[in-house]
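Read the structure below first, then the notes.
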Amino acid sequence: MNKEYQRGFIVTGDKPYMTEEWRYQKNQSNNKKIVFYGYDANLCPMSAMSTWPETKWKKKVINIALKLTKDFKGEVWLDDVRIKNKKD
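Residue numbers (this note's numbering): 50 to 137.
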């Protein structure tokens, strides 16, 4: 598996408190599935993505994750939301 995925990714906003860190979950990921969990600027776990309203910010987070994992052939999850299906 590409080590770049294992670094996770950071999403920044206009203010420092808007920073989110999405960490790769090794114990839940494998060659068919990658899982990232979100943490706020204080590294506290965020609420499950399925509870987030549809906003530009949510789309931004998803697009960054999809860009990072564009070459991955399996599923990609942000918390409890699958953002990418397996490619055959």
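For every residue, glycine included, the Cβ atom is placed at its ideal position computed from N, Cα and C. Everything numeric in this text was worked out from a predicted model, so none of it was measured.
*asked:* According to DSSP, is residue 117 part of a helix, a strand, or is it coil?
replied: helix
*Between the Cα of residue 110 and those of 76, 135, 88, 52, spot the shortest distance and give me the residue it belongs to.*
88
*Locate the alpha helix (DSSP H) running through residue 54, then write down its first and last residues.*
52–55
_For residue 94, the three-state DSSP class (helix, strand or coil)_ = strand
*Status (buried if at least 16 other CB within 10 Å, exposed otherwise) for residue 78*: buried
*How about residue 73 and residue 90: are their beta carbons less than 8 Å apart?*
no
*Which parts of the region 51–89 are runs of the alpha helix (DSSP H), unbroken and 4 residues or longer, counting only runs that do not cross its ends?*
52–55
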